[in-house]
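Below: the structure, in structure tokens.
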Amino acid sequence: MNWTKVLMERAAPWMDGLSLHYYTVPGTWEKKGSATEFDEDEWFITLKKAYEMERLVEDHGEIMDRYDPDKRIGMIIDEWGTWYDPEPGTNPGFLYQQNTLRDALVAALHFHIFHRHCERIHMANIAQTVNVLQAMVLTKDEKMLLTPTYHVFHMFQVHQEEEALEVEFVSPPYERRGEKKIPQVSVSASRSSGKMHISYCHLNPHEQTEISLAIAGIEEQTKVTGRVLTADRMNAHNTFDDPHSVQPKDFQQMAVKSGELTVELPPMSVVMITVDLA
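Structure follows, in structure tokens:
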């Protein structure tokens, strides 16, 4: 924090961006934890630590606001994502790790945080794209697969370059023994040319959650479509033998009534809804 204060205080007029790195590590730096072998306690801790990104953005953003109230200087989150122990049998220096549904939820949570602070965050880059840490693509010889994280990136493309909307709702809490509660559901929305896109990230691995949002102009005959990324196991992932185990599917568990869109979120899921308001 002091570094950001001193840097902004002394160099703000000559800066265009300030870099922030934050990795989601469920364990310690020496023993980070497995990418695929984990229980619900580790699942919870990982998602709780993903939420920490918002605190970092807010705390450092507050300092930047003192010296740059017009938000000319971009916060550049040029390294983010999960970091686990390397996969057994791989070169530890290559940082190769598998990628499960847990990582998909971490990615969606980060996107929502970035959306909420898009006036200050000018750029964000996951670490890294192929075969390293929270990769979107894994390769082996001539084979290639798309990870659950890739599918979240693909689903969230509809938010790009659109107008971010403020979303107000009350999330039920998600908690584990001895740990501070976290919101069970995260929501973000954008709007463009007669369409509204609403993304949901549901963290509870056991139960469905119903979320209702009042939307101006929505009617019972309004066209609403959806896609969902989920699985039946917390550690579900794609392999070179089964590369399509975790992938988005059509989603229809929603209804419109009395100006509200109600969505029944499956356990541990990422959902993208498109509302045609044209």
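Numbering of the sequence shown is given in full-length UniProt numbering, commencing with residue 1 and proceeding in unit increments. In this text, a Cβ means the ideal position worked out from N, Cα and C, and glycines have one as well. Bear in mind that the values here come from a model prediction, so they are computed numbers and not experimental data.
Check: Endpoints, the beta strand (DSSP E) within which Ala214 is located; Outcome: Thr209 to Ala214
Check: For Phe156 and Met272, the rounded distance between their alpha carbons; Outcome: 8 Å
Check: Status (buried if at least 16 other CB within 10 Å, exposed otherwise) for Phe169; Outcome: exposed
Check: Opening and closing residue of the alpha helix (DSSP H) in which Val130 lies; Outcome: From DSSP, Val130 is part of no alpha helix (DSSP H); its letter is neither H nor E.
Check: Host alpha helix (DSSP H) of Arg43 (start-end); Outcome: Note on identity: in this sequence residue 43 is Trp, with Arg being the wrong assignment. Looking at the DSSP string, the run of the alpha helix (DSSP H) that includes Trp43 is Glu40 to Tyr67.
Check: Beta carbon of Trp201 nearer than 8 Å to that of Leu261; Outcome: According to the sequence shown, residue 201 is Cys rather than Trp. No, Cβ-Cβ distance for Cys201 and Leu261 is not below 8 Å.
Check: CB of Met1 within 8 Å of CB of Ile63, strictly; Outcome: yes
Check: At least 3 beta-carbon pairs within less than 8 Å: the stretch 134 to 151 vs the stretch 179 to 189; Outcome: no
Check: The stretch 82 to 94 contacting the stretch 22 to 32, beta-carbon criterion three pairs below 8 Å; Outcome: yes
Check: CA-to-CA distance, Leu138 to Met88, given in whole angstroms; Outcome: At residue 88 the sequence reads Pro, which differs from the Met that was named. Answer to the nearest angstrom: the Cα atoms are 15 Å apart.
Check: Residue(s) in a DSSP beta bridge with Ile198; Outcome: Ala189 and Ile273
Check: Buried or exposed by the 16-neighbour rule on C-beta atoms within 10 Å, applied to Ser193; Outcome: exposed
Check: Integer-rounded CB distance, given that Asp78 should sit under 8 Å from Thr149; Outcome: 17 Å between Cβ atoms; not a contact.
Check: Between the CA atoms of Asp65 and Arg10 - distance to the nearest angstrom; Outcome: 14 Å
Check: Counterpart residues of Glu264 in DSSP-defined beta bridges; Outcome: Glu210
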